[in-house]
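Residue numbers (our numbering): 22 to 343.
First comes the structure, then the notes that go with it.
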Amino acid sequence: MTYSRIVGTGRYLPERIMTNADLEKIVDTTDEWIRTRTGVERRHVCADDQTTSDMCIEAAKVAIEDAGISVADIDMVITGTTTPDLIFPNISTLIQHKLGIPPCIAFSLEAACTGFIYALVTADKFIKAGEAKCVLVLGAECITKLVDWSDRNTCVLFGDGAGAAILKPSKEPGIIACHLGADGKHKDLLYYPVGASNNLAAAGTDGTAIHMAGSEVFKVAVKTLGDIASKSLENAGVGKDELDWLVPHQANIRIIQAMAKRIGVPMEKVIVTVQDHGNTSAASVPMALDVGIRDGRLKQGQLILMEAFGGGFTWGTVLMRL
Ligand code: COA
């Protein structure tokens, strides 16, 4: 049987760091409120002229080097993002061209904060079907460009960044089990009110902002993430004690803690980056994975559960051996 396996990772964070103290100067908030309610201490914010594909290029270069491959080996690029450079062409074609990857399958998909998990699961299917041999999978976001910096309810939460992974076929697992899901009935709890076919002229104007019913999102996130994590382990016949690491979406430390408690995984086995990155939407899981690998906590052969939850709502898990 053919499995797919992550053979290299990378991340890129924009140079500019915005601390909670910086936010105290622009909205009615405090470092203490932000830290205790969200766990965020700082976030990276992309420059005005920096795009999501610019960040992806940097993350991809690191992942390509880490995997010991060349751009000529890549035969597919998938990017999970809600903040592409352009409505079209899709961002993966921009990345393919800018990196010098030969013509190949290249597309983006939009699943909000679950974008990387959706992209990784899609790449896994292509590899298992024998349709791809080396996939560049990205999760990236310039989400601060959608943030209303006068709205304290949302502006303290988000940050920018890009995470990348190289996925290749393997005789050994690799990705063991995946689960994806969505339910659009929750649309009004978390959305940005502009799209290519709707309200486009309002983009970037005052009053156009991320709408979020924070405490409702919180409750559904904890329940959904807890349920899908437990179910994923159960379906794969893996006990929670066998799990080496949980790499969750980094939305809020309280969501992460509540979800870990719900499934019975101690926080010592959870990779947490929300304090340094904020919620980077589709970039959060691949960047947390890269952080854990590079600081030596995540080791080859270990059993890892990644999971994410985002607007829609969408959700997903990937259980894998590194
Ligand atoms: N600084 C200070 N006070 C703030 C604030 C800020 N940045 N943002 C909100 N407040 C205030 C509110 O106005 C409210 O004041 P009030 O009681 O006078 O009305 C008070 O803090 C409590 O607000 P509440 O929304 O009940 O706080 P909370 O404990 O639910 O925390 C969130 C708010 C947003 C941090 C929390 O609900 C959350 O993390 N939700 C999930 C968000 C998320 O993860 N979204 C992405 C999912 S992928």
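Idealized CB from N, CA, C, for every residue including glycine.
Small disclaimer: the values here were computed from a predicted structure and weren't measured.
Could you say which of S302, Q296, D262 and S305 lies nearest to P287 if we only look at CA atoms? D262
Under DSSP, the alpha helix (DSSP H) around E79 begins and ends at which residues? T73 to A88
Taking C-alpha atoms, which residue in G333, G258, V259 and E328 lies nearest to I292? E328
Is it the case that the segment 86-95 contacts the segment 46-54, given that we only count it when at least three CB pairs across the two stretches are under 8 angstroms? no
Compare the Cα-Cα distances from G71 to each of I108, A183 and T23 and report the closest residue. Here residue 71 is Gln; the residue named in the question, Gly, does not match the sequence. Checked all of I108, A183 and T23; the closest Cα to Q71 is A183.
Let me have the residue list for the ligand COA: C-beta closer than 5 angstroms to any non-hydrogen atom, ordered along the chain. Having a Cβ closer than 5 angstroms to some heavy atom of the ligand COA are T50, W54, R58, T59, C134, R173, N174, V177, G235, S236, V238, F239, A272, N273 and G331.
CB contact flag (C77, A185, <8 angstroms): yes
Which residues in the same chain as L167 place their Cβ atom closer than 7 angstroms to its Cβ, once the five residues preceding and following it in sequence are excluded? T104, Y213 and I231
Using CA atoms only, rank isn't needed, just tell me which of I148, P194 and E79 is closest to G160. E79
Hey, could you find the ends of the alpha helix (DSSP H) S113 is sitting in? I112 to L120
Using only alpha-carbon positions, find the residue among K119, A279 and N300 that is nearest to D75. K119
Using a threshold of 8 angstroms, state whether the C-beta atoms of L324 and V259 are closer than that. yes
Check whether the segment 216-224 touches the segment 192-204, taking contact to mean three or more Cβ pairs, one atom from each stretch, closer than 8 angstroms. no
Identify whether C134 lies in helix, strand or coil by the three-state DSSP scheme. In the structure shown, C134 sits in a helix (DSSP, three-state: H, G or I).
Sequence-distant residues of its chain with Cβ nearer than 8 angstroms to K82 (five each side left out): Once the five neighbours on either side are set aside, the close Cβ partners of K82 are G31 and L120.
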